[in-house]
Amino acid sequence: MDEDFSFLQPLDLITKEPNELHNIVKAKKENLSQHKSESNKIVNGSTHDNARREHVQEREKERKEKENEQRLEKIRLEKEKEQPKDEYKETQHTDQNHTEKHEDKTTVENLNNRAYGGPEPMEISQSPMSSPNDTPCRDVKILKGHSSEVFACAWNPSAPLLASGSGDSTARIWKIADGPCDSGVQNEPVNVVVLQHFKESTNEKSKDVTTLDWNGDGTLLATGSYDGQARIWSRDGSLGELNSTLNKHKGPIFSLKWNKKGDYLLSGSVDKTAIVWNIKTGEWKQLFEFHTGPTLDVDWRNNVTFATCSTDKMIHVCKIGENRPVKTFSGHQDEVNAIKWDPTGSLLASCSDDHTAKIWSLKQDNFLHDLKEHVKGIYTIRWSPTGPGTNNPNQQLVLASASFDSTIKLWDVELGSVLYSLSGHRDPVYSVAFSPNGEYLASGSMDRFVHIWSVKEGKIVKTYTGKGGIFEVNWSKDGDKVAACFSNNIVCVLDFRM
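Counting from 0, one number per residue, gives the positions in the sequence shown under numbering that gives the first Met the number 0.
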């Protein structure tokens, strides 16, 4: 029945068998029925009590807020004595629809957390209370236009363009001027192209844009969506023109990557498959059906070899033209959320809900390193663009892992040990990204903070607070801007100059 679906989470539908779904619905219905019957018994006598309780709670909340305001005012006055008045002051909202400026709320937010007994950061990282790192509002541009949460963002590798993908069934390509941000809000249609992923007659919700990727020279943008289709959009000629629609998957696409050469696109889907697409013909070249659960991530090793991972706990290394995986890695005890090849394609990192990240080599069957310091599932991993064979050959190769335990770990890849545990966030960290020179790491969390860390020192050097959870952070090609996309429908561009 239609109403049964209200008892299920989207992930349940993707990962569980029908009989398991029936059992979940049955249990929740019984629980609801029991709860209703108990509620009916007490409802007659409880209305007055509830009103009184709400009144008391309201008074208590007002008292706490007043105390907190006094405490904050005291701290603010002390702070003003220590630093110039105008550099980090809060800005007022002007006309909301015209020139809304973003309040620099970082310090206030964190002092609130501290006043209400929020968790303290671990000893080896700089806490987000350190106000000198707050990003002044003049260094922030807010991009408005999406009407639902923004899941993905990616800078064009060769032009000042930023792509974003949202639950509103659109992607957008924003033209971002070179040089410093002028603070404020950029509303469409100024300097933005909207890429529609649905026709008026179709069901919008199934067209959420879940992932996107520019090709190597920045001339084409690929988007993947919940309807199982990949779409290719052009940059040159008419910006944002739909070149082709790639239609073979039977479930949502969660991962999409171009190979370096740009002749093939790789997609991974909930339908358990990965597909390599020939971009010249607009047709699929090969279908890879090796997983027994949804494919969660894909990543190219070189122009013809790639890896896939799945909820089935397995990692397969595949090659175009081969009908079986050239290598299979097993060792994770739970769903494998993400995989990434290092810059030279010699090591593969993976992370899982089993709380571990692992490093693998094609030269052996078992993992090289089992990285076990996190206490909850790891959502994503990233390699630094450093070490032999990169543009930064004299810097150490580092792996970053971001977890639901709200920490980020930086790993020494040779030793398999932790260099730093970065603990400035208070909620799950969904995204991390290294700057092009490898010296900084940006992180975005459900706690609404973007932190930029010094990789060498393991400390926060910049902080920005938004008004929603952060799904992805991404550096511009020159390393002078960081884009972040938020659950409250906006994209932010932060200037970064040290």
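In this text, a Cβ means the ideal position worked out from N, Cα and C, and glycines have one as well.
Query                                                                                                                                              : Result
Round the Cβ separation of residue 495 and residue 476 to the nearest angstrom and send it over; I've been treating them as touching at under 8 Å. : Not quite, the Cβ-Cβ distance comes to about 13 Å (not below 8 Å), so this is no contact.
Could you check what DSSP says for residue 491 in three-state terms: helix, strand or coil?                                                        : strand
With a CB to CB cut of under 6 Å and the five nearest residues on each side skipped, what residues in its chain are close to residue 93?           : The predicted model places residue 93 with a pLDDT of 31, which falls under 50 and marks its position as unreliable; any figure quoted below should be read in that light. Closer than 6 Å at Cβ, skipping near neighbours: no residue.
Which value, in whole angstroms, describes the spacing of the CA atoms of residue 122 and residue 423?                                             : Note on residue 122: pLDDT 32, under 50, position unreliable in the model; the coordinate value appears next. Spanning the two alpha carbons is a distance of roughly 10 Å.
So what's residue 3 in DSSP terms, helix, strand or just coil?                                                                                     : helix
Quick check on the burial criterion: 16 or more other C-beta atoms within 10 angstroms. Buried or exposed for residue 518?                         : The structure shown has nothing for residue 518, since the chain only spans 0 to 497.
Can you grab the Cα-Cα spacing for the pair residue 91 / residue 465, in whole Å?                                                                  : The pLDDT assigned to residue 91 is 30, lower than 50, so where the model puts this residue is not dependable, and the model offers no usable value.
Bridge partners for residue 298 per DSSP, in chain order?                                                                                          : 306
Roughly how many angstroms separate the alpha carbons of residue 14 and residue 497, rounded to a whole number?                                    : 45 Å
What is the rounded straight-line gap between the Cα of residue 324 and the Cα of residue 317?                                                     : 5 Å
If you pair each beta-carbon of the region 370-380 with each one of the region 331-342, do three or more pairs fall below 8 Å?                     : yes
Once you ignore the five residues that flank residue 27 on each side, which residues in its own chain have a CB closer than 7 Å to its CB?         : 6
Please list the terminal residues of the continuous beta strand (DSSP E) segment that includes residue 141.                                        : 139-143
Since residue 448 is in the beta strand (DSSP E), which residue starts that stretch and which ends it?                                             : 448-453
Taking 9 Å as the threshold (C-beta atoms), are residue 445 and residue 402 in contact?                                                            : no
Which residues does DSSP pair with residue 433 in a beta bridge?                                                                                   : 440
Where does residue 29 fall in DSSP's three states?                                                                                                 : helix
Can you tell which of 197, 430, 295, 224 has its C-alpha closest to the C-alpha of residue 210?                                                    : 224
Looking at the structure shown, is residue 317 part of a helix, part of a strand, or coil, going by DSSP?                                          : strand
Assuming residue 267 contacts residue 295 (C-beta within less than 8 Å), just tell me the rounded distance between them.                           : 7 Å
Specify the secondary structure class of residue 180 as computed by DSSP and reduced to three states.                                              : coil
Taking the C-alpha atoms as reference points, what is the distance between residue 8 and residue 304?                                              : 35 Å
Is it right to say residue 280 is buried, meaning 16 or more other beta carbons lie within 10 angstroms of its own, or is it exposed?              : exposed
Mind checking who residue 421 pairs with in its DSSP beta bridge?                                                                                  : 407
What distance in whole Å lies between the Cβ atoms of residue 271 and residue 282, which are believed to be in contact at a cut-off of 8 Å?        : Contact flag wrong, Cβ pair sits at about 21 Å.
Which one of 212, 191, 307, 177 has the shortest CA to CA distance from residue 577?                                                               : The shown model of the chain, from 0 to 497, leaves out residue 577, and the question about it has no answer.
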